[in-house]
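**Q**
There are 2 protein chains.
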Amino acid sequence: MKHYTIKDIATKLNVSISTVSRAFNDKYDIKKETKDLILKTAKDMGYIPNPIAKKLSQKRSLNIGVVVPEFINEYYSEIVIALQEFLISEGYQILVMQSDENEEQEMKNVQTLIKNMVDGLIIAPTAGTTNMTYYLNLINEGNPIVFLNRINESIPAPKIVFNNVKWSFFATEHLIRQHYETIYHLSGYKNLSVTSERIEGFKKAMNKHKISKDNYKIIEAGLLAQEGMEVIEDLIFNHDIPNAFFCVNDMVALGAIKKLKENGYRVPEDVAVVGFTETRMAELVTPQLSSIKQPTHDMAKKAGELLLKVIKSGTSSEETIIFNGVFNIRKSSVKGDLI
Amino acid sequence: MKHYTIKDIATKLNVSISTVSRAFNDKYDIKKETKDLILKTAKDMGYIPNPIAKKLSQKRSLNIGVVVPEFINEYYSEIVIALQEFLISEGYQILVMQSDENEEQEMKNVQTLIKNMVDGLIIAPTAGTTNMTYYLNLINEGNPIVFLNRINESIPAPKIVFNNVKWSFFATEHLIRQHYETIYHLSGYKNLSVTSERIEGFKKAMNKHKISKDNYKIIEAGLLAQEGMEVIEDLIFNHDIPNAFFCVNDMVALGAIKKLKENGYRVPEDVAVVGFTETRMAELVTPQLSSIKQPTHDMAKKAGELLLKVIKSGTSSEETIIFNGVFNIRKSSVKGDLI
DNA sequence: TGAATTCTCGGAAACGCTTTCGGAAATAAA
DNA sequence: TTTATTTCCGAAAGCGTTTCCGAGAATTCA
Numbered sequence: 328m329k330h331y332t333i334k335d336i337a338t339k340l341n342v343s344i345s346t347v348s349r350a351f352n353d354k355y356d357i358k359k360e361t362k363d364l365i366l367k368t369a370k371d372m373g374y375i376p377n378p379i380a381k382k383l384s385q386k387r388s389l390n391i392g393v394v395v396p397e398f399i400n401e402y403y404s405e406i407v408i409a410l411q412e413f414l415i416s417e418g419y420q421i422l423v424m425q426s427d428e429n430e431e432q433e434m435k436n437v438q439t440l441i442k443n444m445v446d447g448l449i450i451a452p453t454a455g456t457t458n459m460t461y462y463l464n465l466i467n468e469g470n471p472i473v474f475l476n477r478i479n480e481s482i483p484a485p486k487i488v489f490n491n492v493k494w495s496f497f498a499t500e501h502l503i504r505q506h507y508e509t510i511y512h513l514s515g516y517k518n519l520s521v522t523s524e525r526i527e528g529f530k531k532a533m534n535k536h537k538i539s540k541d542n543y544k545i546i547e548a549g550l551l552a553q554e555g556m557e558v559i560e561d562l563i564f565n566h567d568i569p570n571a572f573f574c575v576n577d578m579v580a581l582g583a584i585k586k587l588k589e590n591g592y593r594v595p596e597d598v599a600v601v602g603f604t605e606t607r608m609a610e611l612v613t614p615q616l617s618s619i620k621q622p623t624h625d626m627a628k629k630a631g632e633l634l635l636k637v638i639k640s641g642t643s644s645e646e647t648i649i650f651n652g653v654f655n656i657r658k659s660s661v662k663g664d665l666i
Numbered sequence: 328m329k330h331y332t333i334k335d336i337a338t339k340l341n342v343s344i345s346t347v348s349r350a351f352n353d354k355y356d357i358k359k360e361t362k363d364l365i366l367k368t369a370k371d372m373g374y375i376p377n378p379i380a381k382k383l384s385q386k387r388s389l390n391i392g393v394v395v396p397e398f399i400n401e402y403y404s405e406i407v408i409a410l411q412e413f414l415i416s417e418g419y420q421i422l423v424m425q426s427d428e429n430e431e432q433e434m435k436n437v438q439t440l441i442k443n444m445v446d447g448l449i450i451a452p453t454a455g456t457t458n459m460t461y462y463l464n465l466i467n468e469g470n471p472i473v474f475l476n477r478i479n480e481s482i483p484a485p486k487i488v489f490n491n492v493k494w495s496f497f498a499t500e501h502l503i504r505q506h507y508e509t510i511y512h513l514s515g516y517k518n519l520s521v522t523s524e525r526i527e528g529f530k531k532a533m534n535k536h537k538i539s540k541d542n543y544k545i546i547e548a549g550l551l552a553q554e555g556m557e558v559i560e561d562l563i564f565n566h567d568i569p570n571a572f573f574c575v576n577d578m579v580a581l582g583a584i585k586k587l588k589e590n591g592y593r594v595p596e597d598v599a600v601v602g603f604t605e606t607r608m609a610e611l612v613t614p615q616l617s618s619i620k621q622p623t624h625d626m627a628k629k630a631g632e633l634l635l636k637v638i639k640s641g642t643s644s645e646e647t648i649i650f651n652g653v654f655n656i657r658k659s660s661v662k663g664d665l666i
């Protein structure tokens, strides 16, 4: 089976290649009949236009680059899947690269994608991304970019973020309202914006309810189960286990629960635990984990829409879209019966 | 900042574009000094070769397409990450597409990747993939393809598989040796090769130990936690809970454990459970889940190596590489103390 | 019926690179 | 010094498209 080209069709039909090209691109003048004829024979021959050649002569590639810090956790997997769903429906293809939480790899990924002439980029920066001038340059050079979470406020590009402050506030307040006296927050890596935002929400709730500083604490854990376990081990060693934990994400919460149980603490009877960025595990573990679900699907779709807007308009807006979630209260943070 | 081309360098240095091209491609005759000069000024100018143009004039794109059925579970995420690691080190870039367990989407993905001139494909077919003639054609047309798991034996291409029979045999034998009298296997979707292989291993162990057919059963569940839960609900309704379950994967096992616990069964005291294709959750849940770990990293790397071999040799071999795993025995399947 | 428009379409350049061919310059052999 | 080799490089075609320009044919308008 040959790879037919536009030229093959042209010679076969005894027309010029430009006419054939016109038949495929609506924007030029061509008689309806010739167009139909060309399209039909092209189809019969099994002709597939060569996207590489197309990319070379046009500017656009109909490819969108997506860079995520990882996709071993469900969160970014869901984002990528939703992104793909939307962008395919708009005629784009997405190329996914993951940075392995490595800043250098992230820049390489972005570079690779730009070299491959993607029409735009959706970037969820890796934890340590501090090199903002790099992104500033890219934007100034006219590369359409939309950022997803974890991003520095100052970047002049559309940003899709989750309202971490608000929902972390709710989660904390939920614990306060149940009269857990001492509440610790296990936070993420400190250079992440999500970390500081969730801390902010946590503190806000503490202030609102006038909780004494003796009764809460913020401890940097990380984002992995392992890191949650380590913190709990330290606390147990220091005989410093509070009545409740609010964790930066589900993995840390699950690690914490594991270590607590191993050491004879019952959850939630002795210690309550709340997670964040709900995963499918929340419903599967015992006790079921209270957590905050992020609307990954909507967030991804919005990111896609904004990117297409930037691409089409040619100018980068600077709007920040803030999303809200759902707080699923489950057994891990409720002593009595669930309503 | 301009996008420099080979031509810009040529005019600046007053050489021909072919000379500049030669400087970048080792295979041609060029004086060492001119080459160094060109390379240096190119670097100074910040020249980046245009991969699209390169693809058009050469045959190869240095891109590898990867198609997986999903990456919401850790398994394929790990595979993709390892694949990326290896292929990047070999100078390739990978383009990942997921088929959402949808056969039609899978064919679209493959088509898109081929159109985009990937040099080769690594495909983990989706559950329902029955359309083998499609792949046969692709291979006959000379597309380098390596298959990963789940694949029909008859396809004449390199295949990377896990030794499901053997390890499912071990898992089952482990349960038998502990004198669980009745053992049920919760299997996957029936058209999957992994499903039938794990069933085969299960049966083999039963036969070896001469277990009566009254004492074991194979029930089709699926691959999701939800499906594991549903099966357990049915069994409970029929008062048909065995002493032990061997599940097709961890998610089904976790779903099963959840439902069992909800209905008052203790794991492993009343019912033992073993999973497969170990996930990070195995160690985090209570009781910790016995499971079989697949060497995803090695499998992915091997797939990459074989693909490069096919690409370079130009001929598709037909070897099947079978991998072995590790059986991590944990609390969920052991009544007494773990050694 | 002749002039002015409007439709269609072919020719050709362009996108940025690779690669073959052949010739000039440099080197080695005679 | 002349001839034979080798080394290096420029010219140009080619990869498969798009798209500008302009010309002939068809149509409309006086």
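Line by line, the protein sequences give chains A and B.
Residues 328 to 666, numbered by our numbering, are exactly what the first sequence covers, in order.
Residues 328 to 666, numbered by our numbering, are exactly what the second sequence covers, in order.
All C-beta atoms, glycine included, are put in the ideal place defined by N, C-alpha and C.
1) Would you mind sorting residue 495 of chain A into buried or exposed? The rule is 16 or more other CB atoms within 10 Å of its CB.
2) Would you mind working out which of A:601, A:376, A:469 and A:472 sits nearest residue 442 of chain B, comparing C-alpha positions?
3) Between the C-alpha atoms of residue 543 of chain B and residue 439 of chain B, what's the straight-line distance to the nearest angstrom?
4) Are the region 655 to 662 of chain B and the region 609 to 622 of chain B touching, with three or more C-beta to C-beta distances below 8 Å?
5) Just checking: is the beta-carbon of residue 404 of chain B within a distance shorter than 8 Å of some beta-carbon in chain A?
6) Start and end of the beta strand (DSSP E) containing residue 392 of chain A?
7) Counting only beta-carbon separations shorter than 8 Å, does residue 658 of chain A have a partner in chain B?
8) State yes or no: is the C-beta of residue 426 of chain A within less than 8 Å of the C-beta of residue 404 of chain B?
9) Sort B:539, B:577 and B:472 by Cα distance to residue 556 of chain B and report the nearest one.
10) Can you give me the Cβ contacts of residue 648 of chain A inside the same chain, cut-off strictly under 6 Å, excluding the 5 residues immediately before and after it?
11) Quick check on residue 653 of chain B: buried or exposed, where buried means 16 or more other Cβ atoms within 10 Å of its Cβ?
12) Counting only Cβ pairs nearer than 7 Å, list the residues of chain A close to residue 609 of chain B.
13) In the region 610 to 640 of chain B, which residues sit with their C-beta less than 9 Å from some C-beta in chain A, listed in chain order?
14) How close, in whole Å, do the beta carbons of residue 571 of chain B and residue 510 of chain B come, if the pair is a contact with beta carbons under 8 Å?
15) Is there a C-beta anywhere in chain B that falls below 8 Å from the one on residue 328 of chain A?
16) Output the distance between the C-alpha atoms of residue 461 of chain A and residue 433 of chain A, rounded to the nearest integer angstrom.
17) Applying a beta-carbon distance threshold of less than 8 Å, which residues of chain A neighbour residue 401 of chain B?
18) Counting only Cβ-Cβ distances shorter than 7 Å, please list the residues of the region 518 to 543 of chain A near chain B, keeping chain order.
19) If distances are taken between C-alpha atoms only, which option among B:490, B:445 and B:379 comes closest to residue 520 of chain B?
20) Can you list, in chain order, the stretches of the beta strand (DSSP E) that have 3 or more residues and sit fully within the region 361 to 438 of chain B?
21) Under 8 Å, Cβ to Cβ, is there at least one residue of chain A near residue 444 of chain B?
22) Terminal residues of the continuous beta strand (DSSP E) containing residue 510 of chain B?
23) I need the straight-line Cα distance from residue 271 of chain A to residue 530 of chain A, nearest angstrom please.
24) How is residue 603 of chain A classed by DSSP in three states: helix, strand or coil?
25) Could you please tell me which residues of the region 372 to 398 of chain B, in chain order, have their CB closer than 7 Å to any CB of chain A?
26) Check for me: the alpha helix (DSSP H) holding residue 527 of chain A runs from which residue to which?
27) Please check if any C-beta of chain B sits within less than 8 Å of the C-beta of residue 552 of chain A.
28) List the residues of chain A that residue 513 of chain B touches, going by C-beta distances under 8 Å, in chain order.
29) If you draw a straight line from the C-alpha of residue 364 of chain A to the C-alpha of residue 477 of chain A, how long is it?
30) Report the residues of the region 574 to 601 of chain A with a CB closer than 7 Å to any CB of chain B, ordered along the chain.
31) Can you give the beta carbon distance from residue 559 of chain B to residue 545 of chain B, rounded, assuming they're within the 8 Å contact cut?
32) Between the alpha carbons of residue 493 of chain B and residue 347 of chain A, how many angstroms are there, rounded?
33) Near residue 621 of chain A, what residues of its chain come up, given a Cβ to Cβ distance below 8 Å and the 5 sequence neighbours on each side ignored?
34) Beta-carbon of residue 460 of chain B versus every beta-carbon of chain A: anything under 8 Å?
35) Skipping 5 residues on each side, what residues in its chain have a beta carbon closer than 6 Å to that of residue 626 of chain B?
36) Under DSSP, the beta strand (DSSP E) around residue 609 of chain A begins and ends at which residues?
**A** Quick answer:
1) buried
2) A:376
3) 46 Å
4) yes
5) yes
6) 390 to 395
7) no
8) no
9) B:577
10) 487 and 629
11) exposed
12) Correct list: empty, because the minimum Cβ distance to chain A is about 11 Å.
13) 610, 611, 612, 613 and 615
14) 5 Å
15) Its pLDDT being 47, under 50, residue 328 of chain A is placed unreliably in this model, and the value from its coordinates should be taken loosely. So, interface residue.
16) 11 Å
17) 399
18) none
19) B:490
20) 390 to 395 and 420 to 425
21) yes
22) 510 to 514
23) Nothing can be reported for residue 271 of chain A: it is not among the residues displayed for chain A, which extend from 328 to 666.
24) coil
25) 375, 378, 379, 380, 382, 383 and 398
26) 520 to 535
27) yes
28) By Cβ distance, chain A contributes nothing, its closest Cβ being about 15 Å from residue 513 of chain B, past 8 Å.
29) 52 Å
30) 581, 582, 585 and 588
31) With 8 Å as the limit, residue 559 of chain B and residue 545 of chain B do not qualify as a contact, their Cβ atoms being about 15 Å apart.
32) 57 Å
33) 402, 489, 604, 605, 650 and 652
34) no
35) 487 and 650
36) Note, residue 609 of chain A: premise wrong, no beta strand (DSSP E); not H, not E.
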